[in-house]
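Enquirer: Take a look at this one; I'll ask things after.
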Amino acid sequence: MTDASYVLVVDDEPSICWGFEQMLGDEGHQVITASSAEEGLQRASEHDYSLVLLDVRLPGEDGISALPKFRAATHDAPVVVMTAFGDLETAVGAVKNGASDYLTKPFKLEDAAKMCRQAMRKRQPSSDDTSDQPDDNIVETDASMLVGRSAAMQQVFRQIALVADSELSVLITGETGTGKELVASAIHRHSRRSDEAYLPIAPVTLNESVIESELFGHVKGAFTGAADDRQGLFELANGGTVLLDEIGDLPMAAQVKLLRVLEQGEFTAVGDVRSRKCDVRVIAATNRDLQDAVDAGTFREDLLYRLAAVSIRLPPLRTRVEDIPPLCEFFLRRLGYPSAAGAIDAQLMQELQNRHWAGNVRELRNAVEHASVVARGRALQWSDFPDPQIDRTSVKAAAGDSMDEVLETWTRKQLATAKEDVTDLHEKFLSAVEPALLRVALQHTGGNRAAAAELLGIHRGTLRERMKKYDVE
């Protein structure tokens, strides 16, 4: 943001207004503040604004309902919505009403500054042009099954809201059980195609010989047993959305046909020579690294580029343990369990947060449902829960996890389960990783302490002290 301009900040928290005044003022911008939507709309006519920062929860009219008024009053200046109550419906409501982006409190000033720069570089389409605007009924009142208050899930909500109103293909990645199908369903539900068909399919569940027929249909006599013409998934879903789950297992021949759908909007049924047009949005999901599949020659690179026009990565549950309490309450409420909010006490919740959850949200949901059946209406206990799925990551990283992810998971768990203010996190970290480091170094050097110290890059006396500290022989 190099050119000076006016920015309107509408928030009833003085600290937020002051922070933006300092940050944007240092970059040469004039910042005008207001503490309510009504006051903000009065100020909106005073200057030609380049950006509006609008809080959702305001005294009087809320920011979401006032958003179109701010766009009109500022001649379609970009509007960035701010909220401390981030969920999928809020994010979708903001984008539906014309927000250019979505900022969840608390946020880092550098992140807010970056978002402001991006928003000011583009102008919103005119409010008179409604050709690309979604229908008013795209936001459903049913509670979404996507639950989370962590920063990682807030980012997922934001991505869903931003991509739902486009026609781009979406690639959703994440471990098994993280909710990839739920994200795909949410994208369709909040899109302009929401009144049309949403058809999910997992090619891996089909015999390879029938995959092309299932996806693209066939004509009578195309193969033995093809007694009649049959429509495929892409023809049945015309005008709607198709989810191709576990896309990495799609055979090469079907990949070629799918690429044609994405590039030309047409396909040929099995046994036919005529091309058929289709208008379908494609969402793909996988728990595999498709770039590895490309390198191995089992997945087309051009198809990967087409599918990944937008990529959404779902975080594993172990990296967002702060979402376990609201998830548990959500599952219990859906079951109609008595006193769902208090059915799990603090100690049990801490134990649940300490579990690795190799099966992610799906495993947690199944465990809560199992425990609710055993408990029969009383407060839940640890013994009510089933044994965890095999946890191959308690000692080493899960397949696809980097060391950085493993260490991040450990750190988040320590912070989430601390019973009081943490002041020795660094020492705990060293105590967790140094003993193994020392043991391996000593094993590698055949127990030669001088060689081990040299390998580690520390003084022999330091090695001796740490061996004593950790009782390493």
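Per this note's numbering, the very first residue in the sequence shown carries number 196; after that it's consecutive.
All residues carry an ideal CB built from backbone N, CA and C; glycine is no exception.
This structure is a prediction, so every number in the text was calculated from the model and none was measured.
1. May I have the straight-line CA-CA distance separating E668 from H639, to the nearest angstrom?
2. Whole angstroms are fine: how far does the CA of Y532 sit from the CA of D440?
3. I'd like the span of the beta strand (DSSP E) that includes Q426, first residue to last.
4. Do L236 and L283 have their C-beta atoms within less than 8 Å of each other?
5. Which of the three DSSP states, helix, strand or coil, is assigned to H413?
6. Do the segment 359-374 and the segment 527-545 touch if we need at least three Cβ pairs shorter than 8 Å?
7. Since P395 sits in a beta bridge, which residues does DSSP pair it with?
8. Can you give, in chain order, each stretch of the alpha helix (DSSP H) that sits fully within the segment 459-529 and has at least 4 residues?
9. Return the chain-ordered list of same chain residues with a C-beta closer than 7 Å to the C-beta of P446, the five sequence neighbours on each side being excluded.
10. Taking the alpha-carbon of I211 as reference, which of S245, L304 and V556 has the nearest alpha-carbon?
11. Per DSSP, which residues does I259 bridge with? Please list them.
12. Identify whether V275 lies in helix, strand or coil by the three-state DSSP scheme.
13. What is the DSSP secondary structure of I382, reduced to helix, strand or coil?
14. Helix, strand or coil for D250? Go by DSSP, reduced to three states.
15. With respect to the beta strand (DSSP E) encompassing T657, which residues constitute its N-terminal and C-terminal limits?
16. So what does DSSP say about R587, is it helix, strand or coil?
17. If you count every other CB in all the chains shown that lies within 10 Å of the CB of V274, and 16 or more means buried, which is it?
18. Rounded to whole angstroms, what's the CA-CA distance from N332 to D360? Just pull it up for me.
19. V205 lies in the beta strand (DSSP E); which residues open and close that run?
20. Taking contact to mean 3 or more Cβ pairs, one atom from each stretch, closer than 8 Å, check whether the segment 304-314 and the segment 482-497 are in contact.
21. With burial defined as no fewer than 16 other Cβ atoms inside 10 Å of the residue's Cβ, what is the status of V475: buried or exposed?
22. How about D250 and D206: are their beta carbons less than 8 Å apart?
23. Below 7 Å CB to CB, which residues in the same chain sit around E496 once its five sequence neighbours on both sides are set aside?
24. Taking C-alpha atoms, which residue in M662, E603, T606 and D619 lies nearest to L632?
25. Within 10 Å of its beta-carbon, does K375 have 16 or more other beta-carbons around it, so buried, or fewer, so exposed?
26. Please classify L453: does DSSP put it in a helix, a strand, or coil?
27. Determine whether the beta carbon atoms of G466 and F418 lie at a separation below 8 Å.
28. At the level of alpha carbons, what is the spacing between K591 and V601?
29. Should R515 go down as buried or exposed, given a rule of 16 or more other Cβ atoms within 10 Å for buried?
30. Taking DSSP as the reference, what is the three-state secondary structure of S240?
31. What are the partner residues of Y297, as DSSP defines its beta bridges?
32. Could you compute how far the alpha carbon of K415 sits from the alpha carbon of I507?
33. Kindly indicate which three-state DSSP category A592 falls into: helix, strand or coil?
34. Using a 10 Å radius around the Cβ and a threshold of 16 neighbouring Cβ atoms, would you call T285 buried or exposed?
Expert: Put simply:
1. Counting from 1 along the sequence shown, the entry for residue 668 is found at position 473. Counting from 1 along the sequence shown, the entry for residue 639 is found at position 444. Near 14 Å, if we compare the C-alpha coordinates of H639 and E668.
2. If you number the sequence shown from 1, residue 440 lands on position 245. If you number the sequence shown from 1, residue 532 lands on position 337. Straight-line Cα distance between these residues: approximately 32 Å.
3. As a working note, residue 426 is residue 231 in the sequence shown. Premise fails: Q426 is in no beta strand (DSSP E) and is neither H nor E.
4. Mapped onto the sequence shown, residue 236 falls at position 41. Mapped onto the sequence shown, residue 283 falls at position 88. Not a contact, by the Cβ cut-off of 8 Å.
5. Along the sequence shown, read from residue 1 onward, the residue named residue 413 stands at position 218. In this structure, H413 counts as strand in the three-state DSSP scheme.
6. no
7. For this step, residue 395 is matched to residue 200 along the sequence shown. Partner(s): L438.
8. 485-491, 496-502 and 519-529
9. Position 251 of the sequence shown, counting from 1, holds the residue named residue 446. Cβ neighbours of P446 beyond the five flanking positions: E403 and I406.
10. Mapped onto the sequence shown, residue 211 falls at position 16. Answer by Cα proximity: L304.
11. Sequence index remark: in the sequence shown, residue 259 carries index 64 (1-based). In DSSP, I259 forms no bridge with anything.
12. Stepping through the sequence shown from its first residue, residue 275 is reached at position 80. Strand, per DSSP.
13. For the purposes of this step, residue 382 is identified with residue 187 of the sequence shown, where counting begins at 1. Correct three-state label for I382: helix.
14. For the purposes of this step, residue 250 is taken as the residue at position 55 of the sequence shown. Of the three classes helix, strand and coil, the one that applies to D250 here is strand, per DSSP.
15. Residue 657 sits at position 462 when you count from the first residue of the sequence shown. Careful: T657 lies outside any beta strand (DSSP E), inside the alpha helix (DSSP H) at R655 to Y665.
16. Translated into positions along the sequence shown, residue 587 becomes position 392. Note that R587 scores 42 on pLDDT, short of 50, meaning its location in the model is unreliable; the coordinates nonetheless yield the value given after this. It is coil, neither helix nor strand.
17. Within the sequence shown, residue 274 is the residue found at index 79, counting from 1. Counting Cβ neighbours within 10 Å, V274 comes out buried, since at least 16 surround it.
18. Against the sequence shown, residue 332 aligns to sequence position 137. Against the sequence shown, residue 360 aligns to sequence position 165. Summary for N332: the model assigns pLDDT 28, below 50, so the residue's position carries little reliability, and this model does not support an answer.
19. Taking the sequence shown and counting its residues from 1, one reaches residue 205 at position 10. Where V205 is concerned, the enclosing beta strand (DSSP E) stretches over Y201 to V205.
20. Between the segment 304-314 and the segment 482-497, the count of Cβ pairs shorter than 8 Å is below three; the stretches do not touch.
21. Along the sequence shown, one-based indexing puts residue 475 at 280. The residue in question, V475, is buried, as its Cβ has 16 or more Cβ neighbours within 10 Å.
22. The residue given as residue 250 occupies position 55 in the sequence shown. The residue given as residue 206 occupies position 11 in the sequence shown. A contact, by the Cβ cut-off of 8 Å.
23. Indexing the sequence shown from 1 puts residue 496 at position 301. Excluding sequence neighbours, E496 sits near V489.
24. Residue 632 sits at position 437 when you count from the first residue of the sequence shown. When the alpha-carbon of L632 is set against those of M662, E603, T606 and D619, the nearest one is in M662.
25. Numbered from 1 along the sequence shown, position 180 holds the residue referred to as residue 375. The residue is buried, with at least 16 neighbouring Cβ atoms inside 10 Å.
26. For the purposes of this step, residue 453 is taken as the residue at position 258 of the sequence shown. The answer is helix: DSSP assigns L453 an H, G or I state.
27. Taking the first residue of the sequence shown as position 1, residue 466 is located at position 271. Taking the first residue of the sequence shown as position 1, residue 418 is located at position 223. The answer is yes: Cβ separation under 8 Å.
28. As a first step, residue 591 is located in the sequence shown; it is residue number 396 there, counting from the start. As a first step, residue 601 is located in the sequence shown; it is residue number 406 there, counting from the start. Residue confidence for K591 is low, a pLDDT of 43 falling below 50, so the modelled location carries little weight; the figure read from the coordinates is stated next. Computed Cα separation, rounded: 8 Å.
29. Position 320 of the sequence shown, counted from the start, is the residue given in the question as residue 515. R515 is buried by the Cβ-count criterion.
30. On the sequence shown, position 45 is the one that residue 240 refers to. Of the three classes helix, strand and coil, the one that applies to S240 here is coil, per DSSP.
31. Numbered from 1 along the sequence shown, position 102 holds the residue referred to as residue 297. DSSP output for Y297 lists V276 as bridge partner(s).
32. As a first step, residue 415 must be located in the sequence shown, where it is residue number 220. As a first step, residue 507 must be located in the sequence shown, where it is residue number 312. Near 40 Å, if we compare the C-alpha coordinates of I507 and K415.
33. In the sequence shown, residue 592 corresponds to position 397, counting from 1. At A592, the pLDDT of 44 sits below 50, so the modelled position is not reliable; the number obtained from the coordinates is stated separately. In the structure shown, A592 adopts coil according to DSSP, grouped into three states.
34. Counted from its first residue, the sequence shown places residue 285 at position 90. Classification of T285: buried, given that the 10 Å Cβ count is 16 or more.
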